[in-house]
Every structure is written in structure tokens, then in C-alpha cells.
Amino acid sequence: MSDVKLEKNQHLENRKYRKALPGTGLEYFDACEAIESISPGSYKTLPYTSRVLAEQLVRRCDPETLEDSLKQIIERKSDLDFPWYPARVVCHDILGQTALVDLAGLRDAIADQGGDPAKVNPVVETQLIVDHSLAVEHAGFDNEAFDKNRAIEERRNKDRFHFIEWCKTAFKNVSVIPAGNGIMHQINLEKMSPVVQSKEGIAFPDTCVGTDSHTPHVDALGVIAIGVGGLEAETVMLGRPSMMRLPDIVGVKLTGQRQEGITATDIVLAITEFLRNEKVVSSYLEFFGEGARALTIGDRATISNMTPEYGATAGMFYIDEQTIQYLKLTGREPEQVELVELYAKQTGLWADDLDSAQYERVLEFDLSKVERNLAGPSNPHRRLPTSELAKQGISQSSWKEQHSAKYSDDQMPDGAVIIAAITSCTNTSNPRNVVAAALVAKKANQLGLVRKPWVKTSFAPGSKVAKLYLESAGLLPELEKLGFGIVGYACTTCNGMSGALDPKIQQEIIDRDLYSTAVLSGNRNFDGRIHPYAKQAFLASPPLVVAYALAGTIRFDIEKDSLGTDSNGKPIYLSDLWPSDAEIDAVVGEHVKPQQFQQIYVKMFQPEEELVTTEPLYDWRPQSTYIRRPPYWEGALAGERSLSGMRPLAILGDNITTDHLSPSNAILASSAAGEYLTQMEVPEEDFNSYATHRGDHLTAQRATFANPKLFNEMVKDAGEVVQGSLARVEPEGQVTRMWEAIETYMNRKQPLIVVAGADYGQGSSRDWAAKGVRLAGVEVIVAEGFERIHRTNLVGMGVLPLQFKAGTDRNTLELDGTELYDVYGDIEAGSDLALVITRKTGQKLDVPVTCRLDTADEVNVYSAGGVLQRFAKDFLAQ
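Just so you know, we're using the working numbering here: the sequence shown kicks off at 990 and counts up by one.
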């Protein structure tokens, strides 16, 4: 049944709640009346999230289960599953393309079993933006960087882009924004989200899921948008509801006003630390209060974007005057802007209507206490005031005094900043942050300061509009002069696509074993993510990124040390460069205009001429290392999961990220994937990143646990855990590279398990972090806790997530990797199971664990072997 038919049928059955929206020709579903009919007086106490969820239940839910589902919301219970039907799916080209490769493979499987492959289509609007394929091979001090980087992107990704073009006509309900146009989240904020949808004569709140953990960026507009893995996105695409239980909804009251000179980046880094400490993992947050009301949508988007960094699922703001002002600023049609305000006020989604909203927990954060911040060196929630950074190590001025005989401005110091990047939708969605960076550059140029020669600088805004307002203000040349020319409109350095270093600089790092770093205005700085030779990375506001390019080292007191001298020999400090809030606001007010957004987006979203539908089955290219027919009905995935006699592939600590599980950065020739690409006759300069090869399982599976920063506790030397992509094959006890261990176990058809600590799978919503282990033969992950998106991806691949009971972990059990593991019990949502561990001595441990299949629908998916297998079985049974 199609999505449109489904809505029509349920509109008719729930018509008693269907009302005319005054002043329009539209109707809406009155969730307030539905709630009040069950529990009078309840609606005014509901949080924003609950009101939106209630509306979609009234509009879409089976009438027989509607009352029970609404009672979950009214009574703030999480006992029962209820369906959520997001209005849209947004994808970047890595996970989006991978999802469509899976659907193309599913079509093959359906055809092989006698079904009609052309009927396998997304039934929900699916928007794919090609934004994760560009690497900064040419830096911002090359005035042809943009064209050169785009040419390399097109050459390297020829197979991928060919497949994406096929998808545009082969699949219904798929639209594509091609490479070179910006980042999905920023385009979603500036154009794609209508905030209020109107289809088939019905107005309703816009909602979406996205194949990237930073999809909550658009929560800033009051749109429930959450990041999901590619596998969960496929579920939604194919018309299955995303089954959920009422989330833990936490109110975050923002008070006070930010101090002069403090950016939205400083605020979000402080909030991220605060919220991580408050344990908001998997919660939906709602920011409110006078402090929130004063924040622009650009400021709010910076906060919402980093939702996964503070561990939450959503970071919502209410709809208010700031929302309406932003919609006007970004060139939305006047009728749409009027609809948003009218609908929000009619349905209780306007900020003033939420004064009585009640939360089980309210946290309070004072914006006036925020100081200038960085985050690092390894985690985005590890806040570090700039005033404290020098105390972490020796400052540059002191370093010079101690090494005066050897130091020169042309030689890299220890702590050298080798990459300084203004990047990521986190900050470039906020014109204030971009303009602040440009004003710092302008003042630096006036005073004769230059970047240090070893710093690779770049500017990769998430929207083409940034170029227009910087040109209008005469500020783009100032950034270019300092080396921050536009290198692309894409997700670059933040995604590990920082490109190659100057070979001389790279060799000096190696020869002198330098501690080298990156400073970027992104949202991720996990070890090994930004560049293999940037040992660690720091997140900072765009103007601070410029300042650190001038300093050239992280061992520097940016607040007190001199950045250089002027023509009179007078020291120049950060305070001499930093613009006032009034200066920033004047530029933004004069030069950021609706016409600029219309100039960019009207053309970008023009409907294409009617295209001829292509063949329903893709003609796979056998030599491609980018796109290959997926193997999800073959090998380990075709066999029965025995859950017995499992050997551990790895025993891991806390905070294992999806970067550890399946890195996204550049492929080195010495890696397993690099060796494979060499065998496939791919030249080393075109190896590209791990991320871009995820449509080819033969390349992508070689990235499993390939992060050089991995600590597998099974591999020790003199009692100390050895760092690297290493494993120990049992029962021989032989230490090998991780890929060789996986190959060995695959050949033996040996079932595997992974044992881990807390927060397993945090980071990007990377389905290959689950696909890789499943293809290796891993049947179970047992950990102290899971990050939400990765857990759902494991379920979608048919991997069983189990959680240790409190007080039990790999250390208390004294696991060393020589054991065999079996799982016993009935697999049901949240059930207790027994993990039986047999030591090498024959001793058995019976360890109670919790089954982290959290809903009946997840049990249903797992029992079929995964999302695709479930769909195929249901499709063929029709």
C-alpha cells in the first residue's frame, strides 16, 4: 500500500478530529481535542515533542490503537510501542547511496525469487544530497582550489555518481542534489524543511529522519528530525513505521545573555560538556526560557547540530518570532511563512502556548557564564577554556626560550597546527560565526600577520549563500588572503576528508616525531578522524580557527601570547583582532539578504525535465571498488545464527566510536583496504576515503576495526594493551592485523562475539560499523551500554546486542579472549538471557545479560536476519 493511500484511509477513519485551518483552504488534525477527550486539561502540560507525536498519531495511527498510544503520551509512559511516520528521509551520499545500493540489491533478490523489482521503491519522500565525497586535496591558499577539488571528486567518484544518477530515475520518490552545492543539514535548514507540511489538503508538522547523526540540526526550527543509521532509514523509506516508545523528554531552561565576544560555538561547547555530565543520552531535549528566545536560528542550529555530541537524540526549540524571521530571511514563500505561524498558533506549537509545559526533569544553563572555549583534544564534550589550554602543556613563548637555538618560524614546533579548517554545518549555518572569522582575517591582514607556512588552511561552507554575503561585505578576499579560500561546499575536514599534506611537512612530522594537531570549526574530533598525522584535534569557533592558523601551534596561550608584531614592532594580541558584537551584527544585518538564498535555491530546486525511467535492475560493474551488488543473502548472512561456540574478535574498553569500528578517513596504501585497491589496479592518489567505498562491501569490510587508534585488549605486550588495528586468532593465540584475523575466521565459518565497555558505538550514524562486523561473522555484541543509533543498526543487520547487568563487565569477569561464548534463553524485547562463558580451563560462568532488542518490532526484524531480509519476506508473502 502506498504512503498516499495509507494517509487517505486513515484521514477518513479519524475524521472526527479533522478540522478546517482558519484563513486557509487546508485542514488539520486536532491533537488537542483528541488528548482532551481522554484526559481533560492534559494538553497544556505536554512538552512540544509530545504534541507533535500526538498529532501524527491522530493523523496516521490505526484507530483501534489510537487511544492506547495517546495514553502513553498523556501518562508519560514508555510501556507500549507506537508508530512514528516521518514525513521525509534526508540522506548524504555515503549512507544514502549505501541505502540505495541495498535497495538495488533487494530488487535483485526479489527478482531472483519471482517478484516484481520495479515495485521496490521508497514510499516516503527521500532527498539525497551529495556532500560527503569531496576531499581538501588543494588548500585554501590555492586560488583554484575549488575547481581542482571538484575535478578530483568527479574523477574519483565516477562509479558512485553513475549509480546515484541511475537512482534518480530508477526509484520513485527520490530526489538528488548533486555534488558541489552544500551540506545536507544546512540545505535542510535553509531550504528543504517547510516546518509545516501541506499535502493532500492537510497541514501537519514537518518531521524527518536523516542518515547522519547531525540531522537534529533542523530541530532549531521546531522540526523533529533525528539521526538514524542507513538501515533504519531504509525501514522508513520502505513504508514501515519507525516503532518508538515515548522518549525521556528533558527541559533545558536557558537563562542570561551571552557576554560580549562570545560566539555560538563557545556556547555549544559549554552546553555539550554540561549536558554530557547531566546524562541526557537518548533523551529528547527542549530548550526554552528567555535565554533561548534571544538566540537566533543560526545560534540555535549550532546547539541543535551537536545533539549527538551531548548524547541526546533531539535538541528541540519552540516555534517563535525567531523562526518566522529566519524563514523570511532565507527566502521562503510568504504563504509558507504565514502557514507556519498560523498552524503553530492554532495547534499549541507556538512558544507562548508552551508556558505550562511540564517536564519530568528540567536543567538550567546560564548563558552569561560562558567563556571563550575549545573542545579537545579527543572528544567534543571535553571542553577546554582557551585560557586553560597553555596550562595543558608548554606555551610557545616558553618553548622558544627553551629551544631558542633550534627554533625558527619556518620549522614546525611541537604541537604544530597542521590543519586549520573553517568547516562543517555546525558553524557555517550561522552567518555571525562566518562573519566573525572574516573580520578577524581582515584585521590580521591590516596588521601584516600571515598564517604559519605549515598550516593547511581551508574554508568549506555548508551553503553557497555564504560566498554571496561575504562578497557583498567585501570580506571574502580577506579570508582568501590569509589562506582561507573556499575549497568546496561540502562536509570536508570534519568528516576526515582533510586531504593530503604537503609531503615535506608530512615527512618532517614523521622524522621528528612531532605532536601535531588540527583545529577546526566542526563537531567531531575523535583521535585519528581528522587526519592520520594530526595526532589530536580541537574544536573551535571559526574566528579562533583563524587565530590558530596565525599562531601555528596549540602550545600557545591564545589569550595572552603575541601573534606577531605590527610595522612598528608592537605585539599583536587576539584582543586586537577580535571584532565587537556590534561590528558582526552590522555586517550580518546589511549583507545577509533573502535574495541571496533565493538566488541559490530557486535554481537548485527547479524541477528537472521529465526523465525516462531506467531499467529496474542496476547493471553492476564488476571492476568497481565503489558500487557492488550487496551480499546480504550470501555467506555469513545466509547461515543460521547459532549463538554458540562464539570466539571474541575483540575485547574493547569504553567509548568505542563508529570511527573505531569503521573509519571514514583517507585510505593508506599499507592498510588492508589499500592493498585490496592496489590489487584492483586503483592508483594510490585515487584511493579516496573509506567512506566513499561503502557501496562496495569488498572494500568496506576491510575497514572493520581498521582504526590505528584501536585498543583491542586481547593484544598485549609485556602486560600493556597494544594500540593498532590488531587481533589475536584463537585457539592458536597468534597476533595478526585485524583483517587477517577476520579472513581466518570467515574461512573457518567461526561465529564471533565482541565484548565492550560503556557507550559502545557512539559517534556518526554509520551503518558499516554494524555491517562490517556482521559480514565478519559477529553474531553478538555484549557491552555495558550502547549508543542509540548504533544499537538499531546492529539490530538491522541481525546482530544481537546484549547488555551486562550493573556491576558486571569484562574486568570483573577477567576475560582474556581465550574463552568460548554461548547465549541461552528466549529472545524477546528486554528479556533476560544467559551468557555462558567457557574458559580455556573448562570452567563455566553463567552471566545474566539483558537483551537489547527494545521493541517487538526489533525482535521481528532480528528474527528475520535484518531489515532487508524482513522486507523481502513480507514483500514476497503479499
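Glycine included, each C-beta is placed from N, C-alpha and C at the ideal position.
Would Ala1689 pass as a contact of Ala1639 if the rule is Cβ separation under 9 Å? On the sequence shown, residue 1689 is found 700 positions in, with the first residue counted as 1. On the sequence shown, residue 1639 is found 650 positions in, with the first residue counted as 1. Taking 9 Å as the Cβ cut-off, Ala1689 and Ala1639 do not qualify as a contacting pair.
Going by C-alpha distance, which of Ser1505, Lys1453, Ala1340 and Tyr1615 is nearest Val1581?
-> Against the sequence shown, residue 1581 aligns to sequence position 592. Selected option, being the one with the closest Cα: Lys1453.
If you draw a straight line from the C-alpha of Lys1005 to the C-alpha of Glu1022, how long is it? One-based indexing of the sequence shown puts residue 1005 at position 16. One-based indexing of the sequence shown puts residue 1022 at position 33. So the alpha carbons of these two residues sit roughly 10 Å apart.
Taking buried to mean at least 16 other C-beta atoms within 10 Å of its own C-beta, is Lys1268 buried or exposed? Start at 1 with the first residue of the sequence shown, and residue 1268 comes out as number 279. Its Cβ having fewer than 16 others within 10 Å, Lys1268 is exposed.
| Among residues of its own chain, excluding the 5 on either side of Ser1384, which ones have a beta-carbon nearer than 7 Å to its beta-carbon? | Counting from 1 along the sequence shown, the entry for residue 1384 is found at position 395. Per-residue confidence for Ser1384 stands at a pLDDT of 44, beneath the threshold of 50, marking its modelled position as unreliable; the derived number appears in the next sentence. Here the set comprises Arg1544, Phe1545, Asp1546 and Asp1550.
Self-check item: Rounded separation between Ser1357 and Asp1821 - CA only
Solution: Position 368 of the sequence shown, counted from the first residue, corresponds to residue 1357. Position 832 of the sequence shown, counted from the first residue, corresponds to residue 1821. So the two alpha carbons sit approximately 47 Å from each other.
Report the start-end ranges of each alpha helix (DSSP H) in the region 1667 to 1741 that is 4 residues or longer and not cut off at the edges.
1686 to 1689 and 1727 to 1737
### Query
Going straight from the alpha carbon of Gln1588 to that of Gly1761, what length do you get?
Taking the first residue of the sequence shown as position 1, residue 1588 is located at position 599. Taking the first residue of the sequence shown as position 1, residue 1761 is located at position 772. Approximately 42 Å between the Cα atoms of the pair.
inquiry  = What does the alpha-carbon distance come out to for the pair Gln1858 and Ala1303?
reply    = The residue labelled residue 1858 in the question sits at position 869 within the sequence shown. The residue labelled residue 1303 in the question sits at position 314 within the sequence shown. Going by the C-alpha atoms only, they are around 29 Å apart.
Can you tell me where the alpha helix (DSSP H) holding Asn1422 begins and where it ends? The residue labelled residue 1422 in the question sits at position 433 within the sequence shown. Element bounds for Asn1422: Pro1420 to Gln1435.
query: Would you call Ile1499 buried or exposed, if buried means 16 or more other Cβ atoms sit within 10 Å of its Cβ?
result: Residue numbering aside, residue 1499 sits at position 510 when the sequence shown is read from its first letter. It counts as exposed.
Nonlocal neighbours in the same chain, by C-beta distance under 8 Å from Leu1802, ignoring five residues either side:
Here residue 1802 refers to the residue found at position 813 when the sequence shown is read from its first residue. Cβ neighbours of Leu1802 beyond the five flanking positions: Ile1826, Leu1834 and Val1836.
task = Write down every uninterrupted run of the alpha helix (DSSP H) in the region 1157 to 1236 whose length is 4 residues or greater and which is fully enclosed by it, in chain order.
result = 1173 to 1176 and 1219 to 1226
Would you report the Cα separation of Ala1009 and Ile1176, rounded to the nearest angstrom?
Indexing the sequence shown from 1 puts residue 1009 at position 20. Indexing the sequence shown from 1 puts residue 1176 at position 187. The alpha-carbon atoms of Ala1009 and Ile1176 are separated by roughly 32 Å.
Just mark Arg1149 as buried or exposed, buried being the case when its beta carbon has 16 or more other beta carbons within 10 Å. One-based indexing of the sequence shown puts residue 1149 at position 160. By the 10 Å Cβ count, Arg1149 comes out buried.
First and last residue of the alpha helix (DSSP H) that includes Trp1339?
If you number the sequence shown from 1, residue 1339 lands on position 350. Here Trp1339 belongs to no alpha helix (DSSP H), and DSSP marks it neither H nor E.
Next item on the list: Return helix, strand or coil for Asp1355, following the three-state DSSP convention.
Entry: Residue numbering aside, residue 1355 sits at position 366 when the sequence shown is read from its first letter. Strand, per DSSP.
Thr1417 in three-state terms, based on DSSP | Translated into the one-based positions of the sequence shown, residue 1417 becomes position 428. Here Thr1417 sits in helix by DSSP.
>> Taking the beta carbon of Lys1066 as the centre, do at least 16 other beta carbons fall within 10 Å, making it buried, or is it exposed?
In response: What you label residue 1066 is simply residue 77 of the sequence shown in a count that begins at 1. It is exposed - the Cβ of Lys1066 has fewer than 16 other Cβ atoms within 10 Å.
Could you compute how far the alpha carbon of Ser1852 sits from the alpha carbon of Phe1860?
Here residue 1852 is taken as the residue at index 863 of the sequence shown, counted from 1. Here residue 1860 is taken as the residue at index 871 of the sequence shown, counted from 1. Distance between the alpha carbons of Ser1852 and Phe1860 is about 12 Å.
C-beta contact flag for Leu1471 and Val1535 at 9 Å: Residue numbering aside, residue 1471 sits at position 482 when the sequence shown is read from its first letter. Residue numbering aside, residue 1535 sits at position 546 when the sequence shown is read from its first letter. The answer is yes: Cβ separation under 9 Å.
**Request:** Would you mind listing the beta strand (DSSP E) stretches within the region 991 to 1076 that are 3+ residues and don't spill past its ends, in chain order?
**Result:** 1007 to 1009, 1016 to 1018 and 1071 to 1073
**Item:** Terminal residues of the alpha helix (DSSP H) in which Glu1497 lies
**Value:** As a first step, residue 1497 must be located in the sequence shown, where it is residue number 508. Unbroken alpha helix (DSSP H) run through Glu1497: Pro1492 to Arg1501.
- Query: What number of angstroms, rounded off, separates the C-alpha of Gln1335 from the C-alpha of Ile1778?
  - Reply: Translated into the one-based positions of the sequence shown, residue 1335 becomes position 346. Translated into the one-based positions of the sequence shown, residue 1778 becomes position 789. Distance between the alpha carbons of Gln1335 and Ile1778: 34 Å.
Task: Segment limits, beta strand (DSSP E) that includes Lys1445 - done: Your numbering for residue 1445 matches position 456 in the sequence shown. Start and end: Lys1445 to Ala1449.
Problem set entry | Length-filtered (4 minimum) alpha helix (DSSP H) runs lying within the region 1242 to 1310 | 1253 to 1266, 1279 to 1282 and 1286 to 1294
If we call anything under 9 Å between Cβ atoms a contact, is Asn1362 one with Ala1426? Along the sequence shown, one-based indexing puts residue 1362 at 373. Along the sequence shown, one-based indexing puts residue 1426 at 437. Taking 9 Å as the cut-off, the beta carbon of Asn1362 is found no closer than this to the beta carbon of Ala1426.
*So what's Phe1150 in DSSP terms, helix, strand or just coil?*
Working through the sequence shown from its first residue, we reach residue 1150 at position 161. Correct three-state label for Phe1150: helix.
- Going by other Cβ atoms of all chains shown within 10 Å of its Cβ, with 16 needed for buried, is Val1109 buried or exposed? Against the sequence shown, residue 1109 aligns to sequence position 120. By the neighbour-count rule (16 or more Cβ atoms within 10 Å), Val1109 is buried.
- Helix, strand or coil for Gln1751, going by three-state DSSP, please let me know. Here the question's residue 1751 lines up with position 762 in the sequence shown. DSSP places Gln1751 in strand when its eight states are reduced to three.
For Tyr1478 and Asn1677, believed in contact at Cβ under 8 Å, the rounded distance
Counting from one through the sequence shown, the residue named residue 1677 turns up at place 688. Counting from one through the sequence shown, the residue named residue 1478 turns up at place 489. With 8 Å as the limit, Asn1677 and Tyr1478 do not qualify as a contact, their Cβ atoms being about 19 Å apart.
Checklist line | Cut-off 7 Å between Cβ atoms - residues of its own chain near Ser1714, not counting five sequence neighbours on either side | finding: Within the sequence shown, residue 1714 is the residue found at index 725, counting from 1. Contacts found: Phe1694, Ala1695, Asn1696, Pro1697, Leu1699, Arg1726 and Met1727.
Worksheet entry | Bounding residues of the beta strand (DSSP E) (the contiguous stretch that carries Thr1781) | In the sequence shown, counting from the first residue as 1, residue 1781 sits at position 792. That residue, Thr1781, is in no beta strand (DSSP E); its alpha helix (DSSP H) goes Arg1777 to Gly1785.
Original post:
Any chance the CB of Phe1071 is under 8 Å from a heavy atom of the ligand GTP?
Top reply: As far as ligands go, the structure on display features none, and thus does not contain the ligand GTP.
Evaluate Lys1445 with the Cβ neighbour count: other Cβ atoms within 10 Å of its Cβ, from every protein chain shown; 16 or more gives buried, anything less gives exposed.
Against the sequence shown, residue 1445 aligns to sequence position 456. Lys1445 is buried by the Cβ-count criterion.
Cα-Cα separation, Leu1069 to Thr1667:
Numbered from 1 along the sequence shown, position 80 holds the residue referred to as residue 1069. Numbered from 1 along the sequence shown, position 678 holds the residue referred to as residue 1667. Cα to Cα, the separation comes out at about 52 Å.
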